[in-house]
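Add 3 to a position in the sequence shown, counting from 1, and you land on the number used in the working numbering. The beta-carbon is built from N, C-alpha and C at its ideal position, and this holds for glycine as well.
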Amino acid sequence: MSDQPKPLVVVPTYNEAENIEALLDAVHAHLPEGHVLVVDDGSPDGTGALADARAATDGRVHVLHRTEKAGLGRAYLAGFAWGLARDYTHIFEMDADFSHEPAMLPVLLARAQTADLVLGSRWAPGGGTVNWPLHRQLISKGGSLYARTILGVGIRDLTGGFKCFNRRVLAGIDLDAVQTVGYGFQIELTWRAIQAGFTVAEVPIRFADRVAGQSKMSARIFGEALTLVWKLRLAGG
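Structure representation (structure tokens):
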């Protein structure tokens with residue numbers, strides 16, 4: 004394997020036709036050496052077809068079609084398996100809605116040269132949110148504080164979904180044992196990496212409200228995340 008990083012950006016999609024083409028352009032503007040894997044859960048708005056059209060003309064774009072919407076965590080796990088079966092050195096998680104700034108991709112990748120897992124952190128010094136109402140900030144900050152208190156870890160933003168994994172992390176933890184499918188997936192994956200002895204670093208990011216489309220967050224997903232931390236703590240990982 005070359006000494007030069009070969010990154011893969013995994014982007015789950017469901018009804019992201021308004022964003023996907025512009026996102027692919029932006030990712031390749033900032034990380035031209037990177038490949039993108041669009042994991043589409045059968046979007047009825049044609050997101051998968053738009054991604055297929057781009058993949059037909061750009062060898063850096065790949066598409067994994069799934070027949071049903073089975074949750075964010077399952078989409079990422081499918082993308083991780085796809086990436087691990089190939090020679091990518093680093094695998095990113097990234098939203099399709101521009102809430103994660105493509106300009107931060109090379110920043111996270113650079114930090115990943117000295118850390119096993121790098122988290123784009125809203126709550127690290129220098130990070131924050133854009134166009135978020137106060138109640139949403141309080142819920143997110145409170146959720147992260149709750150999770151890190153129960154789990155006894157120093158990570159400020161356990162619920163964020165902008166991450167860069169060295170492939171050895173995903174190869175070294177038991178992905179088949181991951182329990183969650185919603186946003187609790189983010190907590191669980193970072194916890195499992197810490198429990199396995201991998202180093203975790205946080206890089207401050209500005210997290211913007213989505214540019215187009217509708218949020219996938221729900222009360223059920225949030226409740227799953229709150230319950231999960233107790234399961235992980237009681238199980239010791």
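Span of the alpha helix (DSSP H), counted from its first residue to its last, around I142: Taking the first residue of the sequence shown as 1, we reach residue 142 at position 139. Unbroken alpha helix (DSSP H) run through I142: 137 to 154.
Express the C-alpha separation of T162 and K144 in angstroms, rounding to a whole number. Position 141 of the sequence shown holds residue 144. Position 159 of the sequence shown holds residue 162. Cα to Cα, the separation comes out at about 9 Å.
Is it true that the region 196 to 206 meets the region 113 to 123, where meeting means three or more beta-carbon pairs spaced less than 8 Å apart? Cβ pair count under 8 Å is three or more, so yes.
Assuming the contact rule is C-beta atoms closer than 8 Å, P8 and H65 should be a hit. Round their C-beta distance to whole Å, please. The residue labelled residue 8 in the question sits at position 5 within the sequence shown. The residue labelled residue 65 in the question sits at position 62 within the sequence shown. Their Cβ separation, rounded to whole angstroms, is 18 Å, which puts P8 and H65 out of contact at 8 Å.
Just verifying my parser: in three-state terms, what is the DSSP assignment at H103? As a working mapping, residue 103 is identified with position 100 in the sequence shown. H103 falls in the coil class under three-state DSSP.
Please identify the residue among V232, R139, T16, H138 whose C-alpha is closest to the C-alpha of T183. The sequence position of residue 183 within the sequence shown is 180, counting from 1. Among V232, R139, T16, H138, the Cα nearest to that of T183 belongs to V232.
Let me know the alpha helix (DSSP H) ranges lying completely inside the region 40 to 89, each 4 residues or longer, listed in chain order. 50 to 58, 75 to 87
Test item: CB-CB of L137 and W85 under 7 Å: Counting from one through the sequence shown, the residue named residue 137 turns up at place 134. Counting from one through the sequence shown, the residue named residue 85 turns up at place 82. It is not a contact, given that the beta carbons lie outside the stated cut-off.
Hey, quick one: how far does the alpha helix (DSSP H) through E205 stretch, first residue to last? Residue 205 sits at position 202 when you count from the first residue of the sequence shown. That residue, E205, is in no alpha helix (DSSP H); its beta strand (DSSP E) goes 203 to 207.
With DSSP collapsed to three states, give me the class of E21. What you label residue 21 is simply residue 18 of the sequence shown in a count that begins at 1. DSSP places E21 in coil when its eight states are reduced to three.
Contact under 7 Å by Cβ, G49 with P10: Taking the sequence shown and counting its residues from 1, one reaches residue 49 at position 46. Taking the sequence shown and counting its residues from 1, one reaches residue 10 at position 7. No, they are not a contact pair.
How would you call N134, buried or exposed, if buried means at least 16 neighbouring beta carbons within 10 angstroms? Counted from its first residue, the sequence shown places residue 134 at position 131. Answer is exposed; the Cβ neighbour count stays below 16.
Where the alpha helix (DSSP H) through V110 begins and ends: Reading the sequence shown from its first residue, position 107 is the one you call residue 110. Counting along the chain, the alpha helix (DSSP H) containing V110 begins and ends at 108 to 114.
So, helix, strand or coil for A238, using DSSP? To locate residue 238, count along the sequence shown from 1; it is residue 235. Helix at A238.
For the pair the region 150 to 166 and the region 94 to 101, tell me if three or more CB-CB distances fall below 8 Å. yes
By the 10 Å Cβ neighbour count, where 16 or more other Cβ atoms means buried, how is G62 classified, buried or exposed? Numbered from its first residue, the sequence shown carries residue 62 at position 59. The residue is exposed, with fewer than 16 neighbouring Cβ atoms inside 10 Å.
Can you find the residues in the same chain that come closer than 7 Å, C-beta to C-beta, to W126, ignoring five residues on each side of it along the sequence? As a first step, residue 126 is located in the sequence shown; it is residue number 123 there, counting from the start. Counting only Cβ-Cβ distances below 7 Å, and skipping sequence neighbours, we find K144, S147, R159, D160.
Hey, L87 and L192: beta-carbon distance below 7 Å or not? Counted from its first residue, the sequence shown places residue 87 at position 84. Counted from its first residue, the sequence shown places residue 192 at position 189. No.
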